[in-house]
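Residue numbers (my numbering): 13 to 664.
For each residue, glycine too, the CB sits at the ideal point set by N, CA and C.
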Amino acid sequence: MRLKNINNEPTINRFVSKKINKLKDIYNINKKLEFKDLYSFMFSEKNNILFEEVVNFKIKKTTYKDAFDYINKYSANLKYLLKDSNKIVGLYMNNSIDWIESFWMILKAGYKILIINTRIDDENINKIIDSVDINYVLCGDDLNPNLKCNLIKFSDIQNCNVINEVSNDDFGDEIFLMSSGTTENIKLCSYSATEFYYLVIESSNIIKNQRIVKRHYKGEMKLLAFLPFYHIFGLVAMYLWFGFFSRTFVKLNRMDADTILNTIKRHEVTHIFAVPLLWQKVYYQAMEKIKDMGMFDKYKKALKIKRFLGNSLLGRLFTKLAFKKIRDNLFGESIIFMISGGSMIEKEVLEFFNAIGYHLANGYGMSEVAITSFELAYSYKILTSTSIGKPFSSVEYKINDEGELLIRGKTTSQYILINGEKFNLDDWYNSHDRARCIKGRYYLDGRSDDLIILKNAENLNPYFVEEKLDKSIIDGLKDVCVFNNINEDKDEIILLASVSRYLKIERIKEILTKIKQVLDDNKYNSIINKIVFTSTDLINNNEFKLNRKRIINDYKDNKYRIIDLDKKNDEVINEEFNEIEERIRSFFMIALNKDINEIGKDDSFFLDLGGTSLDYFMIISMIEKEFGKKIPTESLKYDSVKSISEYLEGKQ
Numbered sequence: 013m014r015l016k017n018i019n020n021e022p023t024i025n026r027f028v029s030k031k032i033n034k035l036k037d038i039y040n041i042n043k044k045l046e047f048k049d050l051y052s053f054m055f056s057e058k059n060n061i062l063f064e065e066v067v068n069f070k071i072k073k074t075t076y077k078d079a080f081d082y083i084n085k086y087s088a089n090l091k092y093l094l095k096d097s098n099k100i101v102g103l104y105m106n107n108s109i110d111w112i113e114s115f116w117m118i119l120k121a122g123y124k125i126l127i128i129n130t131r132i133d134d135e136n137i138n139k140i141i142d143s144v145d146i147n148y149v150l151c152g153d154d155l156n157p158n159l160k161c162n163l164i165k166f167s168d169i170q171n172c173n174v175i176n177e178v179s180n181d182d183f184g185d186e187i188f189l190m191s192s193g194t195t196e197n198i199k200l201c202s203y204s205a206t207e208f209y210y211l212v213i214e215s216s217n218i219i220k221n222q223r224i225v226k227r228h229y230k231g232e233m234k235l236l237a238f239l240p241f242y243h244i245f246g247l248v249a250m251y252l253w254f255g256f257f258s259r260t261f262v263k264l265n266r267m268d269a270d271t272i273l274n275t276i277k278r279h280e281v282t283h284i285f286a287v288p289l290l291w292q293k294v295y296y297q298a299m300e301k302i303k304d305m306g307m308f309d310k311y312k313k314a315l316k317i318k319r320f321l322g323n324s325l326l327g328r329l330f331t332k333l334a335f336k337k338i339r340d341n342l343f344g345e346s347i348i349f350m351i352s353g354g355s356m357i358e359k360e361v362l363e364f365f366n367a368i369g370y371h372l373a374n375g376y377g378m379s380e381v382a383i384t385s386f387e388l389a390y391s392y393k394i395l396t397s398t399s400i401g402k403p404f405s406s407v408e409y410k411i412n413d414e415g416e417l418l419i420r421g422k423t424t425s426q427y428i429l430i431n432g433e434k435f436n437l438d439d440w441y442n443s444h445d446r447a448r449c450i451k452g453r454y455y456l457d458g459r460s461d462d463l464i465i466l467k468n469a470e471n472l473n474p475y476f477v478e479e480k481l482d483k484s485i486i487d488g489l490k491d492v493c494v495f496n497n498i499n500e501d502k503d504e505i506i507l508l509a510s511v512s513r514y515l516k517i518e519r520i521k522e523i524l525t526k527i528k529q530v531l532d533d534n535k536y537n538s539i540i541n542k543i544v545f546t547s548t549d550l551i552n553n554n555e556f557k558l559n560r561k562r563i564i565n566d567y568k569d570n571k572y573r574i575i576d577l578d579k580k581n582d583e584v585i586n587e588e589f590n591e592i593e594e595r596i597r598s599f600f601m602i603a604l605n606k607d608i609n610e611i612g613k614d615d616s617f618f619l620d621l622g623g624t625s626l627d628y629f630m631i632i633s634m635i636e637k638e639f640g641k642k643i644p645t646e647s648l649k650y651d652s653v654k655s656i657s658e659y660l661e662g663k664q
């Protein structure tokens with residue numbers, strides 16, 4: 013099928029080459045690139061669809077021309093509202109067409125941008141705002157943060173009349189991206205348009221060298237806007253790469269599992285980029301469903317055949333037939349390419365998606381260095397090996413004597429700010445990720461600062477222990493974290509395992525037996541000194557991955573609810589629930605797959621019951637349908653049976 017959205021070029025490769033060559037001409041003449049140059053390219057295919065979203069049950073489409081005209085029309089209004097502002101303006105929004113328009117309006121008005129992570133609590137955001145002396149934050153209409161600066165709502169921009177348009181000569185020249193580290197140590201990473209130039213060049217190289225990533229479905233390429241644009245993968249691999257070539261973004265109105273699946277199928281999404289947390293959650297849920305359907309043995313046999321056939325012609329035909337039922341129950345047939353990035357992903361997860369017919373590649377990037385590689389191979393064996401691929405052409409990798417990955421290149425941030433203090437990046441940036449290089453491809457082995465030095469002077473990588481404890485096999489286990497607990501009177505290696513608060517003691521003891529068996533099978537039983545169970549979730553709601561440093565500090569500060577396995581009786585919930593509370597409780601039970609007696613009236617959905625953002629939005633969607641009342645989800649404060657019930661009854 014000939015594509016209609018590539019500016020009348022005969023092939024996607026020709027379209028990409030011509031657009032890239034024009035960009036290179038500007039760079040070669042000026043010896044640099046400015047955001048005003050990039051702006052014209054980002055909106056050059058005016059008739060292409062930029063954004064799709066469901067509004068009042070209908071699909072609303074916004075073209076690149078619609079957004080371009082809006083930016084040009086209202087950037088003068090924004091500049092008027094920011095007349096007393098310092099040069100940096102905060103952008104506090106969730107993924108939306110408003111975010112894209114706001115991003116360019118701030119730059120066009122002549123300001124630098126701090127892209128704010130909306131999942132970080134207001135207190136820490138205020139510290140960051142103070143450190144760079146920000147006066148104004150442009151905020152989404154659906155958000156209401158408590159920030160110590162002036163908030164401009166997106167809708168406010170339309171409500172003032174400024175006749176003159178803003179000249180492109182005053183374009184802002186810098187953006188700041190917040191690192192995804194702990195809230196006590198958030199870095200602000202500075203990027204100019206020049207780094208974005210090299211990132212765009214890399215995307216064109218990917219299109220030339222990867223035959224699947226450029227495929228369209230029914231003539232269109234649509235990317236699910238799952239990763240937030242404030243995340244390095246969301247900003248670069250999603251918005252910059254796809255926006256530069258005028259592809260379509262699809263908005264997620266909710267983050268619950270049903271909405272994700274329905275959105276993918278309704279819009280016929282072709283590409284999804286996400287962190288391992290999503291892929292692993294989908295994998296575990298799929299495994300449970302496969303077991304419930306009595307298909308687990310059949311799946312294992314089919315997987316064995318797929319490993320043998322790989323991505324040969326016969327292997328692709330086998331995949332199409334053998335795993336069709338699984339695909340139909342997941343994303344359907346429109347999905348073409350998926351990328352995982354942001355942290356390590358388990359081999360079993362990569363195998364699952366690539367086996368059933370979805371191309372899932374592993375990638376690598378950091379807020380400090382942007383996206384530096386992902387696996388471009390077509391080989392099934394390489395794709396499922398956990399390789400992050402070879403470094404992009406503008407990037408170099410090397411491994412130091414401690415086994416850490418060092419990075420340098422033209423796409424790394426100009427400098428970083430920590431508490432307002434400026435630090436230039438070294439020639440080689442130390443990622444502190446442990447890595448191996450095999451035949452030019454790189455593999456990660458966890459964080460260097462996570463390594464545990466054993467008494468025999470050998471190093472233990474806790475990730476290798478944790479990945480053996482497959483949560484899809486050990487039913488009831490949520491997350492595990494292995495760390496060295498060093499105190500004045502003891503030095504012990506602890507395996508901290510999270511389970512439900514009200515899981516029966518007998519059931520937890522069964523989980524303990526399985527954990528010990530896995531440790532014994534893998535010869536880790538003599539290394540782990542202590543296994544501790546907690547009913548507190550190990551991954552906080554604002555985190556994309558296991559934050560080992562925070563977990564260790566929280567454990568030492570006694571912030572975890574520890575489960576005593578020597579108790580003779582289980583905790584019993586002797587609470588009375590009214591009719592509304594009982595109904596909400598039943599939704600908690602369905603979404604979390606728990607016994608209803610495990611759910612207390614005041615239990616936090618996240619901290620006590622171990623729910624994730626995906627689970628939470630699914631529950632809220634179900635409750636809203638049931639009671640016909642919209643529940644605010646911005647701050648996630650309605651997270652218990654009691655708080656939701658009181659809101660519905662008008663008590664809050």
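Enumerate, from N- to C-terminal direction, the unbroken beta strand (DSSP E) stretches of 3 or more residues contained entirely within the stretch 490 to 519.
Contiguous beta strand (DSSP E) elements confined to the stretch 490 to 519 occur at 491 to 498, 503 to 510, taking only those with 3 or more residues.
Between the C-alpha atoms of Glu593 and Val653, what's the straight-line distance to the nearest angstrom?
6 Å
My output table needs one value for Lys234: the three-state DSSP class, helix, strand or coil.
strand
To the nearest angstrom, how far is it from the Cα of Leu163 to the Cα of Thr260?
30 Å
Endpoints, alpha helix (DSSP H) assigned at Tyr628
625 to 639
Could you tell me the alpha carbon to alpha carbon distance between Asn590 and Glu135, rounded to whole angstroms?
Distance between the alpha carbons of Asn590 and Glu135: 36 Å.
Measuring CA to CA, which of Asp615, Leu103, Ser443, Arg266 is closest to Asp549?
Asp615
If I follow the unbroken alpha helix (DSSP H) through His279, where does it start and stop?
269 to 279
Name the DSSP beta bridge partners of Tyr409, please?
DSSP lists Ile419 as partners of Tyr409.
Run through DSSP, which three-state label would Val584 get?
Here Val584 scores only 39 on pLDDT, less than 50, and its place in the model should not be relied on; the value that follows carries that caveat. Taken through DSSP and simplified to helix, strand or coil, Val584 comes out as coil.
Opposing strand residues paired with Asp2 [DSSP bridges]:
Missing from the structure shown is residue 2; the chain here goes from 13 to 664 and no further.
In angstroms with no decimal places, state the Cα-to-Cα distance between Asn84 and Phe365.
43 Å
Output the distance between the C-alpha atoms of Ile383 and Leu90, rounded to the nearest integer angstrom.
31 Å
Could you check if Pro240 is buried or exposed, using at least 16 other CB atoms within 10 Å of its CB as the buried criterion?
buried
Contact under 8 Å by Cβ, Val262 with Thr275:
yes
Suppose the cutoff is 8 Å on Cβ atoms and the five residues either side in sequence are ignored; what does the same chain contact list for Ala298 look like?
Ile338, Asn341, Leu342, Phe364
Can you name the start and end residues of the alpha helix (DSSP H) that Ser215 belongs to?
205 to 221
Does Ala121 come out as helix, strand or coil in the three-state DSSP assignment?
coil
Return the chain-ordered ranges of every alpha helix (DSSP H) run that is complete within the stretch 100 to 176 and spans a minimum of 4 residues.
109 to 120, 134 to 143
Classify Asn534 as helix, strand or coil using the three-state DSSP reduction.
coil
Tell me the DSSP secondary structure of Gly246 in three-state form.
helix
Rounded distance between the beta-carbons of Thr331 and Lys318, thought under 8 Å
6 Å
Buried or exposed: Met305, going by 16 or more other Cβ atoms within 10 Å of its Cβ?
exposed
Please state the DSSP three-state secondary structure of Lys95.
coil
Do we get a CB-CB distance below 8 Å when we pair Ala88 with the residues of chain C?
Looking at the structure shown, chain C is missing, and only one protein chain is on hand.
What is the rounded straight-line gap between the Cα of Met576 and the Cα of Tyr567?
Just to set this straight, residue 576 is Asp in the shown sequence, not Met. The straight-line gap from Cα to Cα measures roughly 15 Å.
Specify the secondary structure class of Arg339 as computed by DSSP and reduced to three states.
helix
DSSP on Met601, reduced to helix/strand/coil?
helix
Take Asn323 and list the residues in its own chain whose beta-carbon comes closer than 7 Å to its own, dropping the five residues that flank it on each side.
So the list reads Tyr390, Ser391, Tyr392, once near-sequence residues are dropped.
Does the ligand ZN have a heavy atom nearer than 7 Å to the CB of Lys48?
Among the components modelled here there is no ligand, and therefore nothing to report on the ligand ZN.
Am I right that Arg446 and Asn473 are in contact with their C-beta atoms under 8 Å? What's the rounded C-beta distance?
7 Å
Can Tyr104 and Pro157 be called in contact, C-beta distance under 8 Å?
Yes; because the gap between Cβ atoms is below 8 Å, this pair is in contact.
What is the C-beta distance between Thr282 and Ile348, in whole angstroms, given that I count them as a contact (C-beta under 8 Å)?
The C-beta distance from Thr282 to Ile348 rounds to 5 Å, short enough to meet the 8 Å contact threshold.
Between which residues of its own chain and Lys410 is the CB-CB distance below 6 Å, once the five residues before and five after are set aside?
Leu418
So, are the CB atoms of Ile141 and Leu155 less than 8 Å apart?
Going by C-beta atoms, Ile141 is not nearer than 8 Å to Leu155.
Buried/exposed call for Arg459, threshold 16 Cβ in 10 Å:
buried
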